[in-house]
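In full-length UniProt numbering, the protein residues as written are 1 to 405.
Encoded structure:
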């Protein structure tokens, strides 16, 4: 048997380093960057410079008129903690993400009308005040029929836009192939638009393509959003059975998670179609909110921390559900992360749950998400034993390295 010489070991170590670099490049993990918990959609023809402010005011009005513990199906003690935080959120930052929609929310119109709307929406956005921290547009799909129309809209929109807002994204619906994403990237590159992309998973034919989309986007892919109703329709599921908690939806979303795990791509669930319309009365609003609560909680339990809203009053139940989720899990998560901070690198036991260092970033992300959306206070997060500087690093690995000296 031969002994291994220095040449072998040098080559072997270089190979290990190369494989690690390739893996990290493909799977950088969750950076801890803020992901909005909601994206609110509205037709492009309706967007005006004051739209974000008006939509936020409508959400706050719905809360003021109809919010009560029984409206959300929460226990009284939990509602006492949740509702003041929701109210504060609606006063401070009612909308986290907004999409100017040129697809379903706009419909099929003449080329002349969409041309004019694309330019007008860009001008309104250029003059807008009180923009949410995230914003973007959804174009029509990259099909033979509509792809040219989608790119024409982008050309006119970016041509009329004075400055691209921070965290701007282009959403591509009904993706069925990686080639469609490549074509959109080609168009954006030709336009000189240095923006991120979101893809929509809305057809069963697109599921097999999911692992290819990351590379097809050439570094632009920020998110993958699930389209509940188009997807269930593509399976032939009857309209009255199409719902967010349908088993077919859970299966598709699990495939999304497997395709994008570790890549840093944000995942979003779809929308509840029950609308809390004030003119339909208090009971109707409460019923719609409770349905939204159930759907949002189901999404959160499945690891989807963002979802769609189609009406500003849905933001009330969105934040109520998200805040309840974080507050219900706060005590146990605080104890687990505190144990990590106290005994970095060692196995710990809290109740019946074993933790190791690989779980640390996941626990840290729980607190980062909760703090970013307003569910948790800084005081509650610092109760884990983290310092403000450690929290700002957003990296459990860096925290561990610093504490170990």
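Every residue, glycine too, gets a C-beta built ideally from N, C-alpha and C.
Rounded straight-line distance, which links the Cα of residue j to that of residue i
i           : j           : result
residue 108 : residue 304 : 31 Å
residue 300 : residue 325 : 8 Å
residue 234 : residue 203 : 6 Å
residue 376 : residue 284 : 30 Å
residue 297 : residue 322 : 7 Å
residue 205 : residue 105 : 23 Å
residue 228 : residue 244 : 6 Å
residue 6   : residue 13  : 10 Å
residue 384 : residue 334 : 5 Å
residue 457 : residue 265 : As shown, the chain starts at 1 and ends at 405. That puts residue 457 outside it, with no answer to give.
residue 30  : residue 258 : 14 Å
residue 22  : residue 263 : 12 Å
residue 129 : residue 49  : 7 Å
residue 113 : residue 248 : 37 Å
residue 146 : residue 111 : 11 Å
residue 46  : residue 367 : 36 Å
residue 51  : residue 121 : 11 Å
residue 240 : residue 273 : 12 Å
residue 282 : residue 207 : 40 Å
residue 295 : residue 75  : 18 Å
residue 144 : residue 20  : 40 Å
residue 2   : residue 10  : 17 Å
residue 4   : residue 18  : 20 Å
residue 131 : residue 158 : 17 Å
residue 395 : residue 32  : 7 Å
residue 198 : residue 8   : 45 Å
residue 330 : residue 400 : 22 Å
residue 84  : residue 374 : 11 Å
residue 338 : residue 379 : 14 Å
6 Å Cβ shell around residue i - same chain, five flanking residues per side excluded
i           : result
residue 372 : 34
residue 15  : none
residue 216 : 178, 181, 182
residue 162 : 126
residue 370 : 326, 376
residue 286 : 71
residue 210 : 259
residue 276 : 285, 288, 289, 313
residue 388 : none
residue 196 : 169, 220, 222
Element boundaries [alpha helix (DSSP H), containing residue i]
i           : result
residue 285 : 282–301
residue 178 : 178–191
residue 68  : Looking at the DSSP string, residue 68 is not in any alpha helix (DSSP H), and its letter there is neither H nor E.
residue 229 : 228–234
residue 171 : From DSSP, residue 171 is part of no alpha helix (DSSP H) but of the beta strand (DSSP E) over 168–172.
residue 240 : Premise fails: residue 240 is in no alpha helix (DSSP H) and is neither H nor E.
residue 253 : 247–260
residue 278 : Unbroken run through residue 278: none, as it is neither H nor E.
residue 211 : 210–216
Beta carbon of residue i nearer than 9 Å to that of residue j
i           : j           : result
residue 340 : residue 315 : no
residue 191 : residue 181 : no
residue 290 : residue 71  : yes
residue 231 : residue 89  : no
residue 127 : residue 164 : no
residue 176 : residue 102 : no
residue 170 : residue 201 : no
residue 220 : residue 185 : yes
residue 119 : residue 141 : no
residue 87  : residue 63  : yes
residue 317 : residue 288 : yes
residue 392 : residue 361 : no
residue 151 : residue 116 : no
residue 293 : residue 73  : yes
residue 137 : residue 44  : yes
Same chain only: Cβ atoms within 7 Å of residue i, ignoring 5 sequence neighbours per side
i           : result
residue 261 : none
residue 155 : 191
residue 60  : 90, 91, 94
residue 124 : 47, 48, 49
residue 236 : none
Own chain partners of residue i with C-beta closer than 8 Å, once the 5 adjacent residues on each side are dropped
i           : result
residue 55  : 40, 42, 94, 95, 98, 312
residue 253 : 226, 267, 269, 302, 304
residue 133 : 34, 36, 93, 96, 97, 166, 167
residue 78  : 324, 327, 328
Chain B contact for residue i (CB, 9 Å cutoff)
i          : result
residue 12 : Absent here is chain B; the protein component of the structure consists of one chain.
Unbroken beta strand (DSSP E) run spanning residue i, endpoints
i           : result
residue 200 : 196–201
residue 330 : Segment 330–342 is the alpha helix (DSSP H) holding residue 330; no beta strand (DSSP E) there.
residue 267 : 266–268
residue 309 : 307–309
query = Taking the runs of the beta strand (DSSP E) that are 3 residues or longer, which of them lie wholly in the stretch 73–159?
reply = 97–101, 134–138
ask   = Which full runs of the beta strand (DSSP E) of 3+ residues lie inside the stretch 10–43, going along the chain?
value = 38–43
inquiry  = At 3 residues or longer, what runs of the beta strand (DSSP E) sit wholly inside the stretch 359–402?
reply    = none
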